[in-house]
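Engineer: In the working numbering, the protein residues as written are 31 to 469. Glycine residues also receive a C-beta, built at the ideal position from the N, C-alpha and C atoms.
Here it is in structure tokens:
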């Protein structure tokens, strides 16, 4: 992607990031504001307003959040082969804005979910791959750039429950959903106004060079890297099935089993979903400094080792909730500090896992199919979210202690698998220009 390299090559010697990163940062921030604003209300809306059972609500939640990450595979193919990443992002933003506004009407609940699923499929893989396109191969700023980009995701995720969640719980669900739609429109405007700062996408490069790069055959190294992405995608399913309990069973724990009184004021239950993004802001800069210090000493873990560590930390987060779950018979309302401690450990695990995975895909995926491979990567979130919904159906069938123990076991198993496959995965990825240390 030589044209993309030319956009930022001047700044490669410094630690400054290109302006395009911040355009994508704010675009993603508003898109995530809309997504998490709607998600913070979804389970409550189905149970309290639409009068669905908890089990049915959990199943719908899992299907919705799962298919949100299934359609990016097709959005990536659409961008790589036909529309290009920029136009596909615009299409996705428009579809999602329509979906959020349709959520304000009960009769269009399921059509709204379909618009949101299709829109996210077009938007999600192509906004992420444009971050990678701003940096040339071997640029060590790439992992840091994805951490900055990830802060944009979580800035939107932090404010959305406070704004959309409060409107939905205190005034009316339709106000909360409408606010999410406005956020998506703002994100689209930011993206349209910042086009000149972005790297040319693959379709634009093909038109400029008049080369048919897609006809070039895949090399053996390409297939090894693609195979490694599929293996890591499969392992990531368990991580996401546990992590996504935040918007499902952990939201129910916050609502029914947590003492949210603070100096005589009861915190809305939806505000719990701001804990995680708030802690992202606190720990991303610290972990970037820590990883930089490790890098200077030649001791920074590989991307794959970081992801294994993230799974282990997520497992540890649910160990914390086992303790108050054991005391429910005596204390039916657990302290808010237990939930905060869980969110703290979960967040550090997420930083080790999620942005690193995004960065790794843009490093190793063949350039001609990078958006499609990003879509493949998001399949782990599809299966993980669907499994998350299925696991949520056991919330009322198991003791809360055993439920949290199950979440611990699933995530811990994923972490062990990453470390068990560390050497073969690094060997498969560490061909060509990338070294095993990079990955």
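Assuming residue 370 and residue 354 are in contact, meaning their beta carbons sit under 8 Å apart, how far apart are those beta carbons, in whole angstroms?
Structural biologist: The Cβ separation is near 12 Å, so there is no contact.
Engineer: Going by the beta-carbon positions, is the gap between residue 52 and residue 384 smaller than 9 Å?
Structural biologist: For residue 52 and residue 384, no; Cβs fall outside 9 Å.
Engineer: Should residue 315 go down as buried or exposed, given a rule of 16 or more other Cβ atoms within 10 Å for buried?
Structural biologist: By the neighbour-count rule (16 or more Cβ atoms within 10 Å), residue 315 is not buried but exposed.
Engineer: How is residue 58 classed by DSSP in three states: helix, strand or coil?
Structural biologist: It is helical.
Engineer: Check whether the segment 386-401 touches the segment 156-164, taking contact to mean three or more Cβ pairs, one atom from each stretch, closer than 8 Å.
Structural biologist: Yes: at least three Cβ pairs fall under 8 Å.
Engineer: Counting pairs of Cβ atoms below 8 Å between the segment 211-228 and the segment 74-93, do you hit three or more?
Structural biologist: The segment 211-228, when compared against the segment 74-93, does not touch it at the 8 Å Cβ threshold.
Engineer: To the nearest angstrom, how far is it from the Cα of residue 241 to the Cα of residue 402?
Structural biologist: Any reading at residue 241 is ruled out, since the residue's pLDDT is 49, under 50, leaving its predicted position unreliable.
Engineer: To the nearest angstrom, how far is it from the Cα of residue 110 to the Cα of residue 448?
Structural biologist: Between residue 110 and residue 448, the C-alpha separation is close to 30 Å.
Engineer: Between which residues of its own chain and residue 209 is the CB-CB distance below 7 Å, once the five residues before and five after are set aside?
Structural biologist: Excluding residues within five positions, the ones whose Cβ falls inside 7 Å are 67, 193, 194, 197.
Engineer: Starting from the N-terminal side, write out each stretch of the beta strand (DSSP E) that is 3 residues or longer and does not extend beyond the segment 166-239.
Structural biologist: For the segment 166-239, not a single whole beta strand (DSSP E) run of length 3 or above is found.
Engineer: Output needed for residue 87: all residues of its chain with C-beta closer than 6 Å, excluding positions within five of it in sequence on either side, in chain order.
Structural biologist: Closer than 6 Å at the Cβ level, and outside the excluded window around residue 87, lie 73, 76, 77.
Engineer: Could you please give me the residues that DSSP links to residue 291 through a beta bridge?
Structural biologist: In the DSSP output, where bridge partners are listed per residue, residue 291 has 296.
Engineer: So, under 8 Å CB-CB, residue 406 and residue 263 are touching, yes? Tell me the CB distance rounded to an integer number of Å.
Structural biologist: Their Cβ separation, rounded to whole angstroms, is 6 Å, which keeps residue 406 and residue 263 in contact under 8 Å.
Engineer: If you drop the 5 nearest sequence neighbours on each side, which residues of the same chain put their C-beta closer than 6 Å to that of residue 185?
Structural biologist: Closer than 6 Å at the Cβ level, and outside the excluded window around residue 185, lie 59.
Engineer: Between residue 211 and residue 123, is the Cβ-Cβ spacing less than 9 Å?
Structural biologist: Contact flag unset, no.
Engineer: Nearest to residue 341 by alpha carbon, out of 325, 270, 400, 331?
Structural biologist: Of the listed residues, the one whose Cα sits closest to residue 341 is 270.
Engineer: Rounded to the nearest angstrom, what separates residue 439 and residue 204 at their Cα positions?
Structural biologist: One C-alpha to the other measures close to 38 Å.
Engineer: How about residue 147 and residue 101: do their beta carbons lie closer than 9 Å?
Structural biologist: Contact: yes.
Engineer: I need the straight-line Cα distance from residue 430 to residue 352, nearest angstrom please.
Structural biologist: Each residue's alpha carbon lies about 8 Å from the other.
Engineer: Count the other C-beta atoms from every protein chain shown that fall within 10 angstroms of the C-beta of residue 292, then say buried if there are 16 or more, exposed otherwise.
Structural biologist: It counts as exposed.
Engineer: Got a sec? Which residues, its chain only, sit under 6 Å from residue 455 by beta carbon, not counting five neighbours each side?
Structural biologist: If we look at residue 455 and ignore the five residues flanking it on each side, its Cβ neighbours are 258, 334.
Engineer: Among the residues of its own chain, which have a CB less than 6 Å from the CB of residue 338, if the five just before and after it don't count?
Structural biologist: If we look at residue 338 and ignore the five residues flanking it on each side, its Cβ neighbours are 445, 448, 449.
Engineer: Quick one, which of 95, 89, 50 has its alpha-carbon nearest residue 422's?
Structural biologist: The candidate whose alpha carbon is nearest that of residue 422 is 89.
Engineer: Are the CB atoms of residue 249 and residue 310 nearer to each other than 9 Å?
Structural biologist: Taking 9 Å as the Cβ cut-off, residue 249 and residue 310 do not qualify as a contacting pair.
Engineer: So for residue 429, helix, strand or coil by DSSP?
Structural biologist: If DSSP states are grouped into helix, strand and coil, residue 429 belongs with coil.
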